[in-house]
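Report on one structure; see the data block that follows.
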Amino acid sequence: MGVLHAFPDREPLSQRPEFLALNPIAKVPVLELEDGRTLPESNAILAYLGEGSTFLPADPFERATMLSWMFFEQYSHEPNVAVRRSLLVYPSRKAQATPERLAETLDGGNKALAVMETALTRSNWLVGDAPTLADIALYAYTHVADQGGFDLTAYPRVCAWLARIEALPGYRPLDWLPEG
14 MGVLHAFPDR EPLSQRPEFL ALNPIAKVPV LELEDGRTLP ESNAILAYLG
64 EGSTFLPADP FERATMLSWM FFEQYSHEPN VAVRRSLLVY PSRKAQATPE
114 RLAETLDGGN KALAVMETAL TRSNWLVGDA PTLADIALYA YTHVADQGGF
164 DLTAYPRVCA WLARIEALPG YRPLDWLPEG
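The end of the sequence shown is residue 193 by the working numbering, with every number in the run present.
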């Protein structure tokens, strides 16, 4: 979408007084606009930044389908794929990484990845014939799912989809930051 961004240190930032003044719900991410307004929640931020781009389908049904996938990301994918990854990657979460929780998130994450695999049998993208905000939203944690112990090779269409996203014009790895 051609928008420059920065990734601040996540953990301490969300509890700092200056951050809480911007976003009282203390959640990352939050977008601060040039006029001082703020917008929390990743998918709300995507919708705002995607306005007027080709990532928002013009067809009302395709746009609603895109939103459906974005809800799927928040309620089925992220609570399993992202949570399991965070339990395994971040030392501060080790105490919460019980065998039961790890098994539950592995099962839920594999179910979410299987839903994506099935959807990608019909098209190269989750909605219609072009990438949408749904693809961006679901890319975020899917591309690092292996860090959560998910075997992405079991989902060849998902792997091909990840490669298509990474081949899009303007794609930058999530650790990319602009110079200056």
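No residue lacks a Cβ here, since even glycine has one placed at the ideal position from N, Cα and C.
Check	Outcome
Reference residue 155; option with closest CA among 76, 95, 134	95
Three-way DSSP call (helix, strand, coil) for residue 47 in this model	coil
Status (buried if at least 16 other CB within 10 Å, exposed otherwise) for residue 192	No answer about residue 192 holds up, because its pLDDT of 48 lies below 50 and its placement is not dependable.
Residue environment, residue 158, which counts as buried when at least 16 other CB atoms sit within 10 Å	buried
With 16 other Cβ atoms within 10 Å as the buried cut-off, status of residue 148	buried
Counterpart residues of residue 30 in DSSP-defined beta bridges	Answer is none; residue 30 lacks a bridge partner.
Residue 53, DSSP secondary structure in three states	strand
Residue 108 versus residue 51 - alpha carbon distance	33 Å
Buried versus exposed, by CB contacts within 10 Å (16 or more), residue 59	buried
Under the three-state DSSP convention, the category residue 145 falls into	coil
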